[in-house]
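These notes concern the structure reproduced below.
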Amino acid sequence: MNIFLLAPIFISFLAGLALLVWSFREKRTPSSHKTEAKPWPARTLFLSALSLSALCTVFCSLKVTGSVVLFHLFSKLPIALSLDSLGRFFVLTVTLIWVVVGFYSITYLTREGEEKRFFGFFLLLYGVLYCLGCSQNLVTMYLFYELMSLTSFPLVLHNGSREAIMASLKYLFYSMCGAYMGLFGIFVLYHTLPDLSFVAGGSASQALLSQGDGLLPVAILIMLLGFSVKAGMFPLHAWLPTAHPVAPSPASAALSGIIVKCGVLAIIRVMYYIIGPSALQGSFLLTVLQSLSLITVFMGSLLAFREKVFKKRLAYSTVSQVSYILFGLFIVTPQGVQGALLHLLFHAIVKCGLFLTAGVFLYSFGYTRVDQLQGVGKKMPVTLWCYTFFALALVGIPPTCGFLSKWYLAQGAFASTAGVFRFLGPVILLVSALLTAGYLLPITMDGFFVTKETTVHADKPCEPSLWMLIPLLILALLTLGLGLFPNAILSFTQSLSDSLFQTVSTLFIIR
Amino acid sequence: MEFVQNLPFLSIIIGLFSGPLCSILDGTWAKRVNLFVVALLGFMQALVFAFTLRTNTSYVYTMGHFSAPWGNEIRIGVLEAFMATFFCLIMLLCLISGTREREHEVEEGKWNLYYIMVNLLLCSILALIYTNDLFTAYVFVEINTISACGLIMIKQTGRTIEASVRYMIMSLLGSGLLLLGISYLYGLTGHLLMSNIKEQVHIIVANGQYTVPLMVAISLICVGLAIKSALFPFHTWLPDAYGYSTVSSAAILSSLVSKGYIFLLVKIIYRVIGFDLFSQSKVIHLLFFLGIAGMIMGSVDAIKENDLRRMIAFSSVAQIGYIYMGFGLGTTAGMIASLFHILSHAATKSLLFVAASGLRDASQGTTNIHEINGSGYRNKLAGIAFTVGALSMVGIPLFSGFISKLLFSQAGVSHPDKLFPTLFALAISTILNALYFMKTVIRIYSPEKKAQTSGDTKAPNIGILDQPAKSLAYVLFILVNIVLCFESEPIIDLLTRGLELFS
Amino acid sequence: MEQYLFFLTILFPILGACLIPFLPYRRRTDMLIYLEFLCLVTSALVLTLLYLSPQGTYTLFRFNSRLSVSFHLDAMGKLFGAMVAFLWPLAVLYSFEYMKHESNEKSFFLFYIVTYGVTLGIAFSENIVTLYFFFEALSLVTLPLVMHTRTREAILASRTYLYYMIGGAAFAFIGMVFVLTYGTTASFLPGGVMDLAKIGNRTNVIYLVYILSFFGFGIKTAVWPFSNWLPKAGVAPTPVTALLHAVAVVNTGAFAVMRITYYSFGADYLRGSFAQYTVMGFVLFTIVYGCSRALKETHLKRRLAWSTVSNLSYILFGVVLMTPLGLTGALCHMLFHSFMKITSFFCAGSVIYKTGKNYIHELDGLGRRMPKIFILFAISAFALMGVPGLAGFVSKWSLAYAAIDSREPLAYIGVGCLLVSALLTAIYMVTILVRAFFPGKDFAYSSLQDITDPNWYMLLPLFVFAAVVIFFGIHPAPVLELLASISGV
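Here it is in structure tokens:
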């Protein structure tokens, strides 16, 4: 039964590699350079593999509880997979986004070409992310964290322009830099806590953290900073606004929705599954991290506000929003963590939706700049309505889901003992929400309410194809639906975050 | 007294008188006589050596049974006999290997003159090695100088004449200082026989008298001999003298003549001044410093040099620096290292000179370093010989240079104060040696440059049998080199015993 | 009997190689058969030796009563010997194909195989004199390989190579003389042989000498400031650069440093002294410096050579931690780096062989034409970057663990250097891969029409090496246990 845990990996890797080899072989004959004669076999393979592995994933996360050891890196250190509740949460989020984006990309990729390569890497990346979610210990996680960087950068450079290649390299090197900073922490942690497997609530005591020559806290700080590179936290956030605009929109959606969350996942794993909140409580680390995350929240919004290129604006928005999550984690309260988890999911849905909308505009009209979008509501009312829901959710207006997560984040901040950040945090979150409204909602306004000069563009509605529209609608529905009926998700996240704050000993008793 | 014990004296006399014999014979016969004499003397020395080794004693041979302090004595011990044998061997090899050049470069009428000089030179070196009398030593130093000058000058080009004049001037300056030193000692002690002087010196030192004059005498002797053996900075005569003379002269001069003086200095240190007094004096610091400076500067000069033979000649300056550095350490280990280096350098340097001439034959007569490309392929044996010589100079194991480097550094390591200077000097000098020797080795195995004009005749290939004498010499030299490395222990043993017998 | 086995193992390749130019070959492949015969027999001899593992000390010859060239088999020598014995036959297979178009291949293979014997001599050396002897011999027998093409550039490079080697030997010599003078014996004994009574209060002198001899032996591992020779020596044919200047020669340097540190001077004696900090400082600088130079370099082989410079200092970093764990890490990286780097060099060599392209900006689009080669290159690149699941990660892990375990602040910085270097490695390796696989939107593949993967002579060794890299990456436990037993953890 446990071996079934490997099924999604197996399917996605196999199909992904097959697609890659296929695309590779094709290039050998120079005649079929531009046009691809029969696109559907590859698409079918892609979609069926994606759906199949998604189904397997759902099945696994519902039924499978054991763990699978892939191989032993060292005698005490297995590379092992198992699904705990955080893992389930993450894996399901990934699956949701992946399926939606996967269907969306069928049409979108006709614009970019090289479908098979994209699909291939997209599937590989799915397998890697699944493993990342399932990782049973820190080293396994690190392994897939690195692989994630390596398999995701071909998505960024997809269109092959010089700019895209440079951006993808920048992305890769930032990610590597972050990963190696994380590795430094792993080295040090391994020396102190030879068992690096994830235990809810962590296994380090406060005494352990303060003993010795002060290497451990520094190493943990470096490690958390390293993983937050992926999450786009200041000062190492610069890759985000470079990589997102050049990537194909489905790729940016995946990057912004999921890849940045991998950094968040790694931070949760380290803070709450290795070290434990009790050991971290009151450490100087948290102050540093809290201030950095708040700076990022504010700065990201401000930069997004100034930005005129649509996808870049969204990228800056991601910088800001992911740091909401990080702030929730760094204040170390149950509500904060719950808010962070909620925001992780909601932001994934919302930001994915926003990027897909941007992709629709790009695909249909070639619009990249915000000021080109005036009057777009006349042509694509449904799309723009979806956009509006996403925007509202990102700002945090009540009926949408974004409100919930921000509520819990603010609650968490108030409940914490974080000194000045107890109050400053919510204030900054609020200011940033205002800025978010400032940079997202005008697009809706301009889109629907056209000023005189731009009436030229107003035509009859020309919505995109259903392959693109339905994913958008699904995401928009989720945005609303999770805001209106949040109970299931709330109770799940609550029990998850509570389990992280129980001491290890009681946890053992419960088991 | 056994008959063998007469041989040293006899050999000096034979050497001396075969000179006039050569002068009345024509060139070819003179050569034969000369080779025979050198071989004979070598054999005689070997007998003496065997005798001393068997009896493990030193003895004094009094000429005409006039006993000390009036008579003239020679003294034979293990060390002397060994050195004499070795020098004869090297001399023989040098002569064999250089025959063709000699006949080519020296006018036919002067052939026998050349052999006179060689005989005189050998006899004077033997005398320097054996003598127990300072004044005799001085006389033979002069004979040595004159015959060496003759050997340089015999190839009559403008440069050799200039070189020999230079050599003459510097040498005479050296002998002058030596003479001055000897007369100081004579004045202080009233003796000329070494053993007598030493007794007197002991008394003087014990009484605390005349320390300054004694020091001056020691310094004068040391400096005088240093000039003659081309210690830096008195080496300016050397490159021209070695670089332009005919090959066997160069080989003999570099490996034997300067070594004869150095051996004389060792002898004076041990038998006249006394090693303890010497090692306490300030002179050793001077020698040490000059030795190291010579090691470095000689190599630097060699690096700058474009002529192969002059380069090898400059390398001699560096090697003589090693020897003086060993003296300068003022320990027995240093002395032994220096003595071993005398042997090793004699074997290696003559090998290099001979091999260089072989390479020149394969490069249309030029020794310019830029035009010998590929000569290692054209004259394979010479190439190998040069490589071996170079490796030995650099101090690669398997060849004698390695052992002498090892001895120097071991001597240096056990010296409390001069440890790091010695070691650094050795290391740097090794690198510098590599810089010019290995560069040349790489060059002789590099492909030839494109011929400037198509009309150039191609440089000849020289097989092993084309120059049998030289080929034989290469092989023997290489053998000597390797034997010195692998049989170093008995040789060092010999040197130690010889030094013990000295005092 | 065992005595002769030792001598045979070392002398067989040397003497057998001397026959290479003189044998009559009907076809070119006859030579290959002879070469492989030499290599395989030697490797078989090595394996027999490892299997029998005789305990005695066997003297080949003596310089004098204290200086002897003698052999002894201990665990570290076994490891090194086994590694060499594994690499050589495959490398010869590769070079046989590579040298097809080059002249003078007979003399090339002569020296190539003589080097095998000399390297084995280093592996099995019993005392510091033997080590030094073979160390010098190695410099000399590899010299003709560096100047093989006999172009002006090659001649200049070989000169530089030789100067560095002799210079290194000159300082290594000092160390040797010290061990001879102040050691109880010249042999290698675990824990060192320093005679503390003889040293007395002159410990600083010994520390200073250790630093000198570290650099002397370390020149072969291209530690800064003596690292320039390695990229320059890249003018040699690729089999030389790959096997000798990424593996055999440079690893003998590392091996020698291990020997003098742990078996002559004694790690316990040196730990915590200024000698340790000095050499560690240089090593750490080299780690970062090598990578930065690699980043700047646009010539493919030179870039890999600079990467070697950096990686060799990983090994030295493990060595100068002066702990058993450090030695484990160093041995581990020595072993794994050999496989990783020889793979990447052989890939580079195949590219050069097939296309004649030497510079990285010329590699555009080749990944499509030579997929096998570039996928193998990617494996080695990822391994060098330290992606988990490949060998490089394991060795980096054990080095970092040892560094943290040593509790030296400088070692902590060292871990940082390792990671910075890993990042730089990622940059300079991935850019190559991106060029090869993603040449850009409008790249004209028609310009690369005739280029294909090379034949099996070249691919077989590469596949074997890459398989080893992957195997050690996912199943390193037995090797690590072996290494730990060698270093006595």
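Chains as they are written, first to last, in our numbering: chain Y, 19 to 529; chain Z, 186 to 688; chain E, 415 to 903. Each residue gets a CB set at the ideal place from its N, CA and C atoms; glycine is no exception. Note that the coordinates shown come from a computational prediction; the quantities given were computed from them, not determined experimentally.
Give the DSSP bridge partners of Val665 of chain Z, in chain order. Position 480 of the second sequence, counting from 1, holds the residue named residue 665 of chain Z. Looking at the DSSP assignment, Val665 of chain Z forms no beta bridge with any residue, so it has no partner.
Excluding the 5 residues flanking Glu187 of chain Z on each side, which residues of the same chain have their C-beta closer than 8 Å to its C-beta? Working through the second sequence from its first residue, we reach residue 187 of chain Z at position 2. Within the same chain, Glu187 of chain Z has close Cβ partners Phe236.
Does any residue of chain Z have a CB that is nearer than 9 Å to the CB of Ala891 of chain E? Position 477 of the third sequence holds residue 891 of chain E. No, no contact with chain Z.
Shortest alpha-carbon distance to Trp502 of chain E belongs to which of E:Trp643, E:Ser835, E:Leu603 and E:Phe753? Here residue 502 of chain E is taken as the residue at index 88 of the third sequence, counted from 1. Closest option to Trp502 of chain E, Cα to Cα, is E:Phe753.
Using 8 Å as the threshold, is the region 597-609 of chain Z in touch with the region 664-674 of chain Z, meaning 3 or more CB pairs across them? no
Got a sec: is the Cβ-Cβ distance from Leu425 of chain E to anything in chain Z below 9 Å? Within the third sequence, residue 425 of chain E is the residue found at index 11, counting from 1. No, Leu425 of chain E does not count as interfacial toward chain Z.
When you check each C-beta in the region 622-635 of chain Z against every C-beta of chain E, which residues fall closer than 7 Å? Met623, Lys624, Ile627, Ser631 and Pro632
Segment contact, 8 Å Cβ cut-off, at least three pairs: the region 166-178 of chain Y with the region 835-855 of chain E: yes
Secondary structure, alpha helix (DSSP H): runs of 4+ residues fully inside the region 579-655 of chain Z: 585-598, 604-618 and 624-629
Return helix, strand or coil for Asp231 of chain Y, following the three-state DSSP convention. Mapped onto the first sequence, residue 231 of chain Y falls at position 213. Three-state DSSP puts Asp231 of chain Y in coil, outside helix and strand.
Between E:Thr533, E:His562 and E:Ser553, which lies nearest to Glu519 of chain E when the distance is taken from Cα to Cα? Counting from 1 along the third sequence, the entry for residue 519 of chain E is found at position 105. Nearest of E:Thr533, E:His562 and E:Ser553 to Glu519 of chain E, Cα basis: E:His562.
Please list, in chain order, the chain E residues whose beta carbon lies closer than 7 Å to that of Gly178 of chain Y. Taking the first sequence and counting its residues from 1, one reaches residue 178 of chain Y at position 160. The contacting residues are Phe852, Gly854 and Lys855.
From the DSSP secondary-structure annotation, give me the bridge partner or partners of Thr473 of chain E. Residue 473 of chain E sits at position 59 when you count from the first residue of the third sequence. Per DSSP, E:Ser484.
Beta-carbon of Glu164 of chain Y versus every beta-carbon of chain E: anything under 9 Å? On the first sequence, residue 164 of chain Y is found 146 positions in, with the first residue counted as 1. True, the Cβ-Cβ gap to chain E drops below 9 Å.
Can you tell me whether Ala537 of chain E is buried or exposed? The criterion is at least 16 other CB atoms within 10 Å of its CB, across all chains shown. For the purposes of this step, residue 537 of chain E is taken as residue 123 along the third sequence, with counting starting at 1. Per the 10 Å Cβ criterion, buried.
Under 8 Å by Cβ, that's how I've got Ser270 of chain Y and Phe373 of chain Y pegged, so tell me the actual separation to the nearest angstrom. Within the first sequence, numbered from 1, the residue matching residue 270 of chain Y stands at position 252. Within the first sequence, numbered from 1, the residue matching residue 373 of chain Y stands at position 355. Indeed they touch by this definition, with Cβ atoms about 5 Å apart.
Answer yes or no: do Cys279 of chain Z and Ile437 of chain Z have a C-beta to C-beta separation smaller than 9 Å? As a working note, residue 279 of chain Z is residue 94 in the second sequence. As a working note, residue 437 of chain Z is residue 252 in the second sequence. Cβ atoms of Cys279 of chain Z and Ile437 of chain Z: closer than 9 Å.
So Lys590 of chain Z contacts chain E; which residues on that side make the cut at Cβ distance below 8 Å? Translated into the one-based positions of the second sequence, residue 590 of chain Z becomes position 405. Ordered by position in chain E, the residues that pass the 8 Å Cβ test against Lys590 of chain Z are Phe587.
Cut-off 6 Å between Cβ atoms - residues of its own chain near Leu351 of chain Z, not counting five sequence neighbours on either side: Within the second sequence, numbered from 1, the residue matching residue 351 of chain Z stands at position 166. Reading off the sequence shown, one finds Arg at residue 351 of chain Z, where the question assumed Leu. Taken in chain order, the residues that qualify are Trp422.
Closest by CA to Val401 of chain Z, which one among Z:Leu362, Z:Leu620 and Z:Met379? As a first step, residue 401 of chain Z is located in the second sequence; it is residue number 216 there, counting from the start. Cα-wise, what sits closest to Val401 of chain Z is Z:Leu362.
For Thr443 of chain E, does the count of other Cβ atoms within 10 angstroms reach 16, so buried, or fall short, so exposed? As a position in the third sequence, residue 443 of chain E is number 29, starting the count at 1. Result: exposed.
Measure from the C-beta of Met532 of chain Y to each C-beta in chain E and report whether the shortest distance is under 9 Å. The first residue shown for chain Y is 19 and the last is 529, placing residue 532 of chain Y beyond what the model contains.
When the Cα atoms are used, what is the spatial distance from Ala426 of chain Z to Val723 of chain E? On the second sequence, residue 426 of chain Z is found 241 positions in, with the first residue counted as 1. On the third sequence, residue 723 of chain E is found 309 positions in, with the first residue counted as 1. Near 47 Å, if we compare the C-alpha coordinates of Val723 of chain E and Ala426 of chain Z.
If you draw a straight line from the alpha carbon of Leu446 of chain E to that of Phe510 of chain E, how long is it in whole angstroms? Taking the third sequence and counting its residues from 1, one reaches residue 446 of chain E at position 32. Taking the third sequence and counting its residues from 1, one reaches residue 510 of chain E at position 96. In a straight line, the C-alpha of Leu446 of chain E is about 7 Å away from that of Phe510 of chain E.
Tell me which residues of the region 202-216 of chain Y have at least one Cβ-Cβ distance to chain E shorter than 7 Å, keeping chain order. Phe202, Phe205, Val206, Tyr208 and His209
Would you kindly report the start and end of the unbroken beta strand (DSSP E) that includes Phe22 of chain Y? Start at 1 with the first residue of the first sequence, and residue 22 of chain Y comes out as number 4. From DSSP, Phe22 of chain Y is part of no beta strand (DSSP E); its letter is neither H nor E.
Boundaries of the alpha helix (DSSP H) in which Leu99 of chain Y is found, first to last residue: Within the first sequence, the letter at position 81 stands for residue 99 of chain Y. Where Leu99 of chain Y is concerned, there is no enclosing alpha helix (DSSP H), although the beta strand (DSSP E) it sits in stretches over Leu95 to Ser100.
Span of the alpha helix (DSSP H), counted from its first residue to its last, around His387 of chain Z: For the purposes of this step, residue 387 of chain Z is taken as the residue at position 202 of the second sequence. Start and end: Met379 to Asn392.
Return helix, strand or coil for Ser426 of chain Y, following the three-state DSSP convention. Here residue 426 of chain Y corresponds to residue number 408 of the first sequence, with the count starting at 1. Note that residue 426 of chain Y is Tyr in the sequence shown here, rather than Ser. Residue state, collapsed to three classes: helix.
For Gly632 of chain E, which residues in chain Z fall below 7 Å Cβ to Cβ? The residue given as residue 632 of chain E occupies position 218 in the third sequence. Neighbours of Gly632 of chain E on chain Z: none; closest Cβ ~14 Å, over 7 Å.
Helix or strand or just coil, what does DSSP make of Asp492 of chain Z? If you number the second sequence from 1, residue 492 of chain Z lands on position 307. Here Asp492 of chain Z sits in strand by DSSP.
Using DSSP with H/G/I as helix, E/B as strand and the rest coil, what is Phe92 of chain Y? As a first step, residue 92 of chain Y must be located in the first sequence, where it is residue number 74. Residue state, collapsed to three classes: strand.
The beta strand (DSSP E) that contains Val245 of chain Z, what's its start and end? Taking the second sequence and counting its residues from 1, the one referred to as residue 245 of chain Z is at position 60. That run of the beta strand (DSSP E) goes Tyr244 to Thr247.
What residue from Z:Pro193, Z:Ala215, Z:Leu264 and Z:Arg260 has the CA that sits closest to Asp678 of chain Z's CA? Stepping through the second sequence from its first residue, residue 678 of chain Z is reached at position 493. Measuring from the Cα of Asp678 of chain Z, the nearest candidate turns out to be Z:Leu264.
Nearest candidate by alpha-carbon position, reference Leu425 of chain E, set E:Tyr530, E:Phe477, E:Phe436 and E:Ser521: In the third sequence, counting from the first residue as 1, residue 425 of chain E sits at position 11. Of the listed residues, the one whose Cα sits closest to Leu425 of chain E is E:Tyr530.
For Thr473 of chain E and Val483 of chain E, believed in contact at Cβ under 8 Å, the rounded distance: Position 69 of the third sequence holds residue 483 of chain E. Position 59 of the third sequence holds residue 473 of chain E. So it is a contact: roughly 7 Å between Cβ atoms.
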